[in-house]
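These notes concern the structure reproduced below.
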Amino acid sequence: MSKGISYRVREFQQRVSRSLITMAGGALRSNNAPTQLISIPGSEQQLSQRHARSVIDLCLRAGEAMLATGASAADVVATVLRISTAYGVSGMHVDITFTSLTVSVHRGMNEDPMSIMRIVKVRTIDYTRLQNVYWLIDQITGPDGPGDVDETREQLGAILTTPHPYRRWVVTAGKAILAAGVVVIFDASFVLVLVAAASAAISDLMTRRLGLWSVPAFFAQMAAAAVTTAIAVFMFWLRSVGIEIPGSNSPTVIVIAGIIMLLSGVGLTASASDAIGGYYVTATARGLEVIMMTLGLAVGISIVLSISLRLGIPVAVGDSLGESRSLISGMVGSAIIAVGFALTSYVRLRLLPLMAIGASLVFAVYWVVLPSAPEPGLAPALAGTAAGVISYLLYRWLKVPEGATNMVGIIALLPGLALYRGIYALMDSEFGVNEALPAMVMALATGLGLAAGTTIGGFVARRTFGFDRSAMLALRRSRTPR
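599 is the number that my numbering gives to position 401 of the sequence shown; each next residue is one higher, with no gaps.
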């Protein structure tokens with residue numbers, strides 16, 4: 199009798215122990231699917247080879263057009279996935295390595311997968327063409343559904359081969375207007391406005407000619423910076439020999455205008471966006487390109503400054519340039535810069551007023567927050583955030599490419615003065631490295647602040663105003679950790 203009771207007691211204790219262990223395990227173990235997918239599962243759909251090839255070709259051409267004009271890697275991947283989903287091709291994998299775009303489709307266990315790579319050979323800025331691509335993509339993914347894939351490919355081909363909206367001399371005029379706007383921001387004389395515009399036009403013509411001769415971009419950048427600096431040095435020399443041109447009291451702004459015109463702001467912004475989106479290989483490649491172009495700029499300026507200082511020409515950096523900016527001159531100059539950059543990047547003429555207003559508003563934000571945010575890069579980051587929000591709203595309402603509005607908004611804030619001060623300090627003294635370091639750090643902080651601000655502003659705007667469902671799903675897939 200006692201043995202039976204003790205057996206039941208032990209059995210009850212074992213059940214209680216097992217129940218407690220089960221409860222503890224249930225509290226620790228998860229029964230849900232992983233929150234982050236390791237890979238996109240393949241589909242068992244039986245796609246014809248003809249249809250799959252047509253869709254892949256369409257995706258590659260659209261992705262190449264976006265990547266070539268400065269779109270971020272995440273946006274390119276999301277767009278490609280939206281197109282493939284609209285045409286019933288699931289299980290597509292997309293990989294971007296800055297100069298190439300690879301698309302792979304799993305067509306089920308009974309068919310071989312298809313993988314095609316396309317090299318991005320051209321790097322240009324043509325926002326009219328990019329805007330037409332956006333319109334076509336919205337038509338494909340719209341509520342009416344996509345049309346025939348072959349007809350869509352023909353439409354995309356027509357977009358990519360359409361001539362520019364205006365002639366090349368208009369682009370040169372746009373760069374001249376951009377440089378003139380920089381001088382207006384610093385509230386300089388009308389003479390310097392004209393000289394800066396002329397030097398920008400000469401630099402653009404030289405850069406174009408060197409490009410036709412297949413000269414590497416580094417040396418073309420160096421030559422353009424050297425020409426701009428030489429014009430400013432020539433004006434310093436005229437003053438030193440007693441030839442005073444009315445209104446030529448600050449030739450430094452000519453160099454600053456050239457620096458801002460030649461700085462690779464598009465690449466810096468896209469590099470920061472790729473890094474934030476998790477595409478570190480592409481971000482690194484873009485960042486290296488920006489570094490090389492900036493080094494070419496610095497070398498060109500350094501060569502001319504070194505020669506001028508050895509010849510005894512009294513070249514100087516005006517310390518009053520940074521404090522002479524006012525709200526009115528800044529907003530007017532930003533609007534002029536916006537018009538100039540819009541012309542250089544082939545933005546439609548009817549959008550120029552919007553670009554000018556947006557750039558003025560971004561500069562106003564920068565001017566208002568600067569007294570309360572004196573830390574390096576903070577005020578530019580806040581202004582860049584405003585530019586990012588405005589850019590996304592214009593893209594959502596008018597399909598104006600975000601890259602165009604972003605650059606129009608922040609190009610007036612690029613650190614031309616800080617970079618020039620650093621280069622000048624480096625060449626002016628044997629202890630130039632120590633003297634140049636603060637200015638170089640300020641320039642780097644400003645550039646990174648602008649890039650990060652535009653990216654964060656676009657991110658906040660997307661989350662606030664939302665995507666359509668297909669775009670949101672594609673973006674989640676494109677940013678899945680790999």
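Note that beta-carbon positions come from the ideal geometry of N, C-alpha and C, so glycine has one too.
Does the separation of the CB atoms of Ile375 and Leu559 fall below 8 Å?
no
Any idea if Lys319 is buried or exposed, counting beta-carbon neighbours within 10 angstroms, 16 or more meaning buried?
exposed
Residue range of the unbroken alpha helix (DSSP H) whose run includes Thr267
Careful: Thr267 lies outside any alpha helix (DSSP H) and carries neither H nor E.
Best match in Met264, Val369, Pro344 for proximity to Leu547 [C-alpha to C-alpha]:
Selected option, being the one with the closest Cα: Val369.
Leaving out five residues before and five after Asp348 in sequence, what residues of the same chain have Cβ atoms less than 8 Å from its Cβ?
Ser252
Got a sec, what are the start and stop residues for the alpha helix (DSSP H) Ile149 sits in?
Coverage of the chain is limited to positions 199 through 680, which leaves residue 149 absent and any answer about it impossible.
Which of the three DSSP states is assigned to Thr300 in this structure?
The answer is strand: DSSP assigns Thr300 an E or B state.
Beta-carbon proximity check, Ala602 vs Thr652, cutoff 8 Å
no
Where do the N-terminal and C-terminal ends of the beta strand (DSSP E) with Ile317 fall, by residue?
Per DSSP, Ile317 belongs to the beta strand (DSSP E) from 312-317.
State yes or no: is the C-beta of Phe152 within less than 8 Å of the C-beta of Val513?
The displayed coordinates of the chain run from 199 to 680. Any statement about residue 152 would go beyond what the structure contains.
Using C-beta distances below 6 Å, list every residue in its chain close to Thr583, excluding the 5 sequence neighbours before and after it, in chain order.
Gly651, Ile654, Gly655
Compute the Euclidean distance between the alpha carbons of Glu521 and Val488, then round it to the nearest angstrom.
Low confidence applies to Glu521: its pLDDT is 44, below 50, so where it sits in the model is not reliable, and the reading given next is rough at best. For Glu521 and Val488, the distance between alpha carbons rounds to 28 Å.
For Gly510, count the other beta carbons within 10 Å of its own beta carbon; 16 or more makes it buried, fewer makes it exposed. Which is it?
exposed
In chain order, what residues of the same chain lie with their CB nearer than 7 Å to the CB of Tyr285, ignoring the 5 residues before and after it?
Excluding residues within five positions, the ones whose Cβ falls inside 7 Å are Val253, Pro344, Val347.
Going by beta-carbon coordinates alone, are Gly647 and Leu576 separated by less than 8 Å?
yes
Would you say the stretch 566-580 touches the stretch 588-599, given that touching needs at least three Cβ pairs under 8 Å?
The answer is no - the stretch 588-599 does not touch the stretch 566-580, with fewer than three Cβ pairs under 8 Å.
Buried or exposed for Glu352, going by 16 or more other Cβ atoms inside 10 Å?
exposed
Contacts around Ala717, its chain only, beta-carbon distance under 6 Å, and the 5 residues preceding and following it disregarded:
Here the chain has residues from 199 to 680 only, and residue 717 is not among them.
Any idea what DSSP makes of Ser668, helix, strand or coil?
Any reading at Ser668 must be qualified, since the residue scores a pLDDT of 43, below 50, and its modelled position is unreliable; no value is offered.
I think Val303 touches Val278, with their Cβ atoms under 8 Å apart; what is that distance to the nearest whole Å?
11 Å between Cβ atoms; not a contact.
Any idea what DSSP makes of Ile294, helix, strand or coil?
strand
Give, in chain order, every unbroken run of the alpha helix (DSSP H) that is at least 4 residues long and sits entirely within the stretch 590-674.
600-608, 614-626, 630-663
With three or more beta-carbon pairs closer than 8 Å as the criterion, would you say the stretch 602-619 touches the stretch 630-645?
yes
Pairwise C-alpha distance: Ile526 and Arg660
31 Å
Neighbour-count burial assignment, Asp517, 16 or more Cβ in a 10 Å radius:
Here Asp517 scores only 43 on pLDDT, less than 50, and its place in the model should not be relied on; the value that follows carries that caveat. Result: exposed.
Candidates Ala643, Leu612, Ala623, of which the one nearest Ala377 by Cα
The shortest C-alpha separation from Ala377 is found at Leu612.
Taking contact to mean 3 or more Cβ pairs, one atom from each stretch, closer than 8 Å, check whether the stretch 308-318 and the stretch 255-262 are in contact.
yes
Within the continuous alpha helix (DSSP H) that includes Phe434, where are the two ends?
Residues 415-438.
Would a C-beta distance cut-off of 8 Å place His362 and Tyr593 closer than the cut-off?
no
CA-CA distance, Ser288 and Gly485?
33 Å
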